[in-house]
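Following: one structure in structure tokens, then a few remarks.
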Amino acid sequence: MTMFLIGIALVAMVLLGAPLFAVIAASVMINFAREGVDLTVVIIEVYRLAEMPVLLAIPLFTFAGYLLAESNAPKRLVRISNVFVGWMPGGLAAVALVICAMFTAFTGASGVTIVALGGMLYPALKQAGYSERYSLGLVTTSGSIGLLFAPSLPLILYGVVAQQLNIGVPVSISDLFLAGILPGLLIVVMLSIYGLWQNRGPQAAHQPFSWHEALAALREAAWELPLPFIVLGGIYSGYFAVSEAAAVTAIYVFIVEVLVHREITFTKLPKIMRESMVLVGAILIVLSMSLASTNYLLDAEIPSKLFSFIRTHVDNAYTFLLLLNLFLLVLGMMLDIFSALVIMVPLILPIAVGYGIHPVHLGIIFLANMEIAYLMPPMGMNLFIAMYRFDRPMLEIFRAVLPFVAILLAAVLIITYWPSLSLALIKG
Numbered sequence: 000m001t002m003f004l005i006g007i008a009l010v011a012m013v014l015l016g017a018p019l020f021a022v023i024a025a026s027v028m029i030n031f032a033r034e035g036v037d038l039t040v041v042i043i044e045v046y047r048l049a050e051m052p053v054l055l056a057i058p059l060f061t062f063a064g065y066l067l068a069e070s071n072a073p074k075r076l077v078r079i080s081n082v083f084v085g086w087m088p089g090g091l092a093a094v095a096l097v098i099c100a101m102f103t104a105f106t107g108a109s110g111v112t113i114v115a116l117g118g119m120l121y122p123a124l125k126q127a128g129y130s131e132r133y134s135l136g137l138v139t140t141s142g143s144i145g146l147l148f149a150p151s152l153p154l155i156l157y158g159v160v161a162q163q164l165n166i167g168v169p170v171s172i173s174d175l176f177l178a179g180i181l182p183g184l185l186i187v188v189m190l191s192i193y194g195l196w197q198n199r200g201p202q203a204a205h206q207p208f209s210w211h212e213a214l215a216a217l218r219e220a221a222w223e224l225p226l227p228f229i230v231l232g233g234i235y236s237g238y239f240a241v242s243e244a245a246a247v248t249a250i251y252v253f254i255v256e257v258l259v260h261r262e263i264t265f266t267k268l269p270k271i272m273r274e275s276m277v278l279v280g281a282i283l284i285v286l287s288m289s290l291a292s293t294n295y296l297l298d299a300e301i302p303s304k305l306f307s308f309i310r311t312h313v314d315n316a317y318t319f320l321l322l323l324n325l326f327l328l329v330l331g332m333m334l335d336i337f338s339a340l341v342i343m344v345p346l347i348l349p350i351a352v353g354y355g356i357h358p359v360h361l362g363i364i365f366l367a368n369m370e371i372a373y374l375m376p377p378m379g380m381n382l383f384i385a386m387y388r389f390d391r392p393m394l395e396i397f398r399a400v401l402p403f404v405a406i407l408l409a410a411v412l413i414i415t416y417w418p419s420l421s422l423a424l425i426k427g
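Heads up: the sequence shown at position 235 corresponds to 234 in numbering that gives the first Met the number 0, and the numbers run straight through without jumps.
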């Protein structure tokens, strides 16, 4: 009876609008108190989180992404991509997908991508001969497809949570960065092929290639182009740890956008810092409470009990993976990606490992499903942002993204049942 009343109280907190971290913290402290455990264990978990070296990567990558979003870097990247790919049939669609994926990877937020790039790409797609519905659907969908590419914040966050579970299989963030490359490219290629189909026929407009325009675009974007090579090359060559790569990225972007291009003034910096750190603060406070909750779950052997229960009803990994995908899609419709990661990974990961699923592969499956969930009602973030950005009804936006959702669902099934796609680039 007591547990029932506690559950009712926690649900009431959610319905009354209590912050997620407060609900998790209340649940953790109640459970620890019932077990007679000193509540200072919660503070210890917060301190343990603060000691993680990789944690520095989250605020630094986020700050760099927000600096890029506030500058004219998106325009330069769109221009150079359009020059080199726009002449191909379906080339502009591929440009939109690649640029949005890169931008989401660095900002960690699909909403920022839609707001920053949507105003440029939407009219450009229509001018190139794409239908209004396709253009709207592409820009809305493109906001989330960068979640699998480094240095995506959700990839880092999954790695941080997974490392605390001591499941016996190492989960390094650099491995997650590598694991996302091929599945991410698969999604981009599949959506690009659909763009080629939409832009077929003699009526399609293509921008002719121009060496003069190409050289001009290269000169304009000369400072931004080395950034992915500096970050990823530094990590995989062994020169940088992930946190050091984040620091290099933040310094490099600051120098380029503030001191070289001078598109961001020093008076604007405090506002950008505040906005980026609000996102980081929200992530970290939920993460700290989640780690305390994870500690309780492990002590109470909740994951092993859940695994035993599921094992009696699901006897093979293929069925488990299918049910997992359905569950993650529903979960993503209800929770934002950061909350979904910190709440559900401690429960799902030990069960998945029990079925022989590699934790890095599970992370890619998790994030691929979250990409689709961004496009699904009732809580699909991309739908709401596109609705306000393009002043269109929600139903029109949803109809526009349905073909893209179908393609993404096919890609998720391939990623799920072809684990080598995620694990091929990982050593060992």
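Heads up, the beta-carbon is just placed ideally off N, CA and C, and yes, glycines get one too. Values in this document were obtained by computation on a predicted structure and should not be read as measured data.
Check	Outcome
Between which residues of its own chain and Q202 is the CB-CB distance below 7 Å, once the five residues before and five after are set aside?	In this predicted model, Q202 has a pLDDT of only 49, less than 50, meaning its place in the structure is not dependable enough to derive any value.
Go ahead and pull the three-state DSSP assignment for W222.	coil
Do L286 and L346 have their beta-carbon atoms positioned less than 8 Å apart in this structure?	no
Could you tell me the alpha carbon to alpha carbon distance between V257 and L323, rounded to whole angstroms?	45 Å
Decide yes or no for the touch test of the region 48 to 65 against the region 245 to 252: beta carbon pairs closer than 8 Å, at least 3 of them.	yes
Got a sec: does the ligand SAH put a non-hydrogen atom nearer than 7 Å to the Cβ of V77?	Judged by which ligands are present, the structure shown has none, so any question about the ligand SAH falls away.
Here's a check: name, in chain order, each residue in its chain whose Cβ is nearer than 8 Å to the Cβ of S289, leaving out the five neighbours to either side.	I23, V160, V341, I342, P345
Skipping 5 residues on each side, what residues in its chain have a beta carbon closer than 7 Å to that of L152?	I57, F60, T61, G107
Please report the straight-line C-alpha distance between N381 and P227, rounded to a whole angstrom.	25 Å
Quick test of the definition: if touching needs 3 or more C-beta pairs under 8 Å, does the region 357 to 370 touch the region 95 to 105?	no
Just the Cα atoms here: how many angstroms apart are E370 and P182?	12 Å
Which residues in the same chain have their Cβ closer than 6 Å to the Cβ of E69, if we skip the five residues on either side of it in sequence?	I263, I271
What would DSSP say about Y354, mapped onto helix, strand or coil?	coil
Check whether the Cβ atoms of L164 and L348 sit closer than 8 Å, and answer yes or no.	yes
Assuming T481 contacts I396 (C-beta within less than 8 Å), just tell me the rounded distance between them.	The structure shown does not extend to residue 481, since the chain spans only 0 to 427, so no value can be given for it.
Using only the alpha-carbon positions, how far apart do M393 and I144 sit?	20 Å
So, are the CB atoms of G142 and I113 less than 8 Å apart?	yes
Output needed for L407: all residues of its chain with C-beta closer than 7 Å, excluding positions within five of it in sequence on either side, in chain order.	I186, E370, I371
What are the boundary residues of the alpha helix (DSSP H) that includes N324?	316 to 333
Can you check which of these residues, L325, A244, F308, D390, is closest to P52 by C-alpha distance?	A244
Can the beta-carbon of M375 be found less than 8 Å from the beta-carbon of M332?	yes
Let me know if L325 comes out buried or exposed under the rule of 16 or more other beta-carbons within 10 Å of its beta-carbon.	exposed
According to DSSP, is M454 part of a helix, a strand, or is it coil?	Within the shown structure, residues of the chain are numbered from 0 to 427, placing residue 454 beyond reach of any answer.
In chain order, what residues of the same chain lie with their CB nearer than 8 Å to the CB of I414, ignoring the 5 residues before and after it?	P182, L185, I363, I364, A367, L420, S421
For the alpha helix (DSSP H) that contains L175, what are its first and last residues?	172 to 178
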